[in-house]
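**Q**
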Amino acid sequence: MSEIRKSDPLTAGDKGRNRGPSSLLLSRFFDSHITSGSLEVAFADGSRERFGTPGSNALDIAIRFADGRVPREILLDPALGAAEAFMDGRLVIERGDVMGLVSLFARNAPWEAGASYSRPSAAKRLANRIAFHGEQLNNAVRSRANVSHHYDIGNELYRLMLDTEHMQYSCGYWPEDRGGTDMSLAQAQEAKLAHIAAKLALEPGQRVLDIGCGWGGMAIFLASRADVHVTGITLSEEQAALARERVAAAGLSDKVSIELIDYRDHADAGAKYDRIVSVGMFEHVGQAQFETFFRCTGKLLKTDGVMLVHTIGRMGVPGSTDAFTRKYIFPGGYIPALSETVAASEKSRLIATDVETWRLHYAHTLRAWYANCEANRARIIALYDERFYRMWTFYLAGAAASFESGAMCNYQIQYARHRHALPYARDYIGEAEAALLSKG
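So this is what it looks like as structure tokens:
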């Protein structure tokens, strides 16, 4: 493909001269930001422009704006404006897909380069910040409602998207960068479960608490592979019901119990555990509740206990949740920076005994979920509607881009209350991991 100028008018005549100021500003934005890959835009007045430099391995995307309001909405808040226009069918992808569209912009503004293309207007940033801080209160009543917003939309959607064996709605583990090649989603999720279980240094008969247990995949894995007793807690009624079914089907009802309860209430009940695990739940705690979370888990953990927190995190300084995610996907959610997470845990005298950063594992996972959604497109639309499907795939595409080019990563932080609770060196982790996988 021949090289083209960064801004190449594809429509002759006077079309394009009558565009409003928002369209002209957006054209300048595309012209300055898209240097790798190609974006062709059909504006509402019928004019077309192409931006960037196409190549054999570069993304080549074409979009159309159905009305003249779309450019203004994107300029006011790029993520929310583009998402809602796409959801409403007013931003139409004519070549490529939403994963490619979002990836094109993200790759042209990588976090490592210190660039950002998704900065809303000053007024919108102020409104977002006010709304964000209001949601971060995240008391028990609001927390239950927030969880219900995302997880009680129906188990069938998650059956269609996730791996069928473990139903893990969290980052898989793709050793040796094998994502998308010879390792399946189910294998990556099993590898994740074994990796986490190994860090817990489990012994038969121990009592384990799984905070935010989802559909019971972690609890089932620990009980069956490590011969421990697991209590899983969640705030999602849909998750709890299916988790209990899955535990019974696995023949583990004597070793696993699933409870519908807030972690704060569970801590007040006075229970004590040898081990605590929390996977993909800390993102829902809310920044204002970080110290409460660690104070409660410190109360729940025995003196010689061990805890593993697996969470999405920010590679940079603390930030705020974007308007699209806050409005449509995870109300009350907050992605923590490592600094604020450890600062909160230190106040409860929990020792961070091991910290691991996963940079690209979730990108592989999200692309696998996106592929499953694409394969089940008709069934998901039948369950909900076309607008929901577009919203959901925009969410998955945006999340994948944030791990491939943005500031997102995963942190696994191992905690202990006593300095002698774990071996001196971390060799035991690999040994235990291999032993757990061999039992499959």
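In the numbering used here, each residue's number is its place in the sequence shown (first place is 1) plus 1295. C-beta atoms are modelled at their ideal positions from N, C-alpha and C, and glycine is treated no differently.
Tell me whether the beta-carbon of residue 1515 lies closer than 8 Å to the beta-carbon of residue 1547.
**A** The answer is yes: Cβ separation under 8 Å.
**Q** Reducing DSSP to helix, strand and coil, say where residue 1381 ends up.
**A** Helix.
**Q** Identify which residue in 1335, 1315 and 1400 has its Cα closest to the Cα of residue 1328.
**A** Looking at the Cα atoms, 1400 is the closest of the given residues.
**Q** Out of 1332, 1325, 1338 and 1581, which has the shortest C-alpha to C-alpha gap to residue 1315?
**A** Checked all of 1332, 1325, 1338 and 1581; the closest Cα to residue 1315 is 1338.
**Q** Based on the DSSP secondary-structure assignment, which residues constitute the bridge partners of residue 1573?
**A** Residue 1573 is bridged to 1506 and 1604.
**Q** What does DSSP give as the partner residues of residue 1705 in its beta bridges?
**A** Its beta-bridge partners are 1607 and 1653.
**Q** Determine the contact status of residue 1636 and residue 1711, defining contact as a CB-CB distance below 8 Å.
**A** No, these two residues do not count as a Cβ contact at 8 Å.
**Q** Residue 1487 and residue 1724 - do their beta-carbons sit closer together than 8 Å?
**A** Cβ atoms of residue 1724 and residue 1487: not closer than 8 Å.
**Q** Excluding the 5 residues preceding and the 5 following residue 1525 in the sequence, name in chain order all residues of the same chain whose CB lies nearer than 7 Å to its CB.
**A** 1503, 1505, 1514, 1517, 1518, 1550 and 1551.
**Q** Counting along the chain, where does the alpha helix (DSSP H) carrying residue 1695 start and finish?
**A** Segment 1681–1699, the alpha helix (DSSP H) holding residue 1695.
**Q** Excluding the five sequence neighbours on either side, which residues of its own chain have a C-beta within less than 6 Å of the C-beta of residue 1599, listed in chain order?
**A** Here the set comprises 1713 and 1716.
**Q** Per DSSP, which one or two residues make a beta bridge with residue 1552?
**A** Paired residue(s): 1526.
**Q** To the nearest whole angstrom, what separates the beta carbons of residue 1731 and residue 1535, a pair I think is in contact under 8 Å?
**A** Their Cβ separation, rounded to whole angstroms, is 26 Å, which puts residue 1731 and residue 1535 out of contact at 8 Å.
**Q** Would you identify the three-state DSSP class for residue 1585, choosing helix, strand or coil?
**A** Residue 1585: helix per DSSP, three-state reduction.
**Q** Taking 8 Å as the cut-off, decide whether the C-beta atoms of residue 1341 and residue 1355 are in contact.
**A** Not closer than 8 Å, so no.
**Q** Could you spell out the range, first to last residue, of the alpha helix (DSSP H) harbouring residue 1538?
**A** 1532–1544 is the span of the alpha helix (DSSP H), which, as asked, contains residue 1538.
**Q** Would you mind listing the beta strand (DSSP E) stretches within the region 1628–1672 that are 3+ residues and don't spill past its ends, in chain order?
**A** As far as the region 1628–1672 is concerned, its whole beta strand (DSSP E) runs of at least 3 residues are 1646–1653.
**Q** May I ask you to report which of helix, strand or coil DSSP gives residue 1737?
**A** The question about residue 1737 has no answer here: the residues shown for the chain are numbered 1296 through 1735.
**Q** In the DSSP assignment, find the beta strand (DSSP E) that holds residue 1317 and state where it starts and stops.
**A** Careful: residue 1317 lies outside any beta strand (DSSP E), inside the alpha helix (DSSP H) at 1316–1328.
**Q** Indicate whether residue 1450 and residue 1532 have their beta-carbon atoms separated by less than 8 Å.
**A** Cβ distance not < 8 Å, so residue 1450 and residue 1532 don't count as in contact.
**Q** Between which two residues does the beta strand (DSSP E) harbouring residue 1557 extend?
**A** Counting along the chain, residue 1557 falls outside any beta strand (DSSP E), and DSSP gives it neither H nor E.
**Q** Tell me the rounded alpha-carbon separation between residue 1344 and residue 1630.
**A** The alpha-carbon atoms of residue 1344 and residue 1630 are separated by roughly 37 Å.
**Q** Could you please give the first and the last residue of the uninterrupted beta strand (DSSP E) stretch that includes residue 1243?
**A** Outside the shown range of the chain (1296 to 1735) lies residue 1243, about which nothing can therefore be said.
**Q** Can you give me the C-alpha to C-alpha distance between residue 1682 and residue 1671, rounded to a whole angstrom?
**A** Residue 1682 and residue 1671: Cα-Cα distance of roughly 15 Å.
**Q** Give me the DSSP bridge partner(s) of residue 1338.
**A** Answer is none; residue 1338 lacks a bridge partner.
**Q** The alpha helix (DSSP H) spanning residue 1387 covers which residue range?
**A** Counting along the chain, residue 1387 falls outside any alpha helix (DSSP H), though it belongs to the beta strand (DSSP E) covering 1386–1390.
**Q** Based on the DSSP output, what are the partners of residue 1348 in its beta bridges?
**A** Residue 1348 is bridged to 1332.
**Q** Give the secondary structure of residue 1494 by DSSP, where H, G and I count as helix, E and B as strand, and everything else as coil.
**A** Of the three classes helix, strand and coil, the one that applies to residue 1494 here is helix, per DSSP.
**Q** Buried or exposed: residue 1459, going by 16 or more other Cβ atoms within 10 Å of its Cβ?
**A** Exposed: under 16 other Cβ atoms inside 10 Å.
**Q** Residue 1726 by DSSP, collapsed to three states: which one?
**A** Here residue 1726 sits in helix by DSSP.
**Q** What are the boundary residues of the alpha helix (DSSP H) that residue 1456 is part of?
**A** Residues 1450–1456.
**Q** Compute the distance between the beta-carbons of residue 1696 and residue 1665, then report whether it is under 8 Å.
**A** The answer is no: Cβ separation not under 8 Å.
**Q** Go ahead and label residue 1623 buried or exposed: buried means 16 or more other beta carbons lie within 10 angstroms of its beta carbon, across all protein chains shown.
**A** Classification for residue 1623: buried.
**Q** Measuring only the C-alpha atoms, how far is residue 1377 from residue 1602?
**A** Rounded to the nearest angstrom, the two C-alpha atoms are 40 Å apart.
**Q** Between which two residues does the alpha helix (DSSP H) holding residue 1366 run?
**A** First-last of the alpha helix (DSSP H) with residue 1366: 1365–1371.
**Q** How far does the alpha helix (DSSP H) with residue 1402 in it reach, from first residue to last?
**A** Segment 1393–1402, the alpha helix (DSSP H) holding residue 1402.
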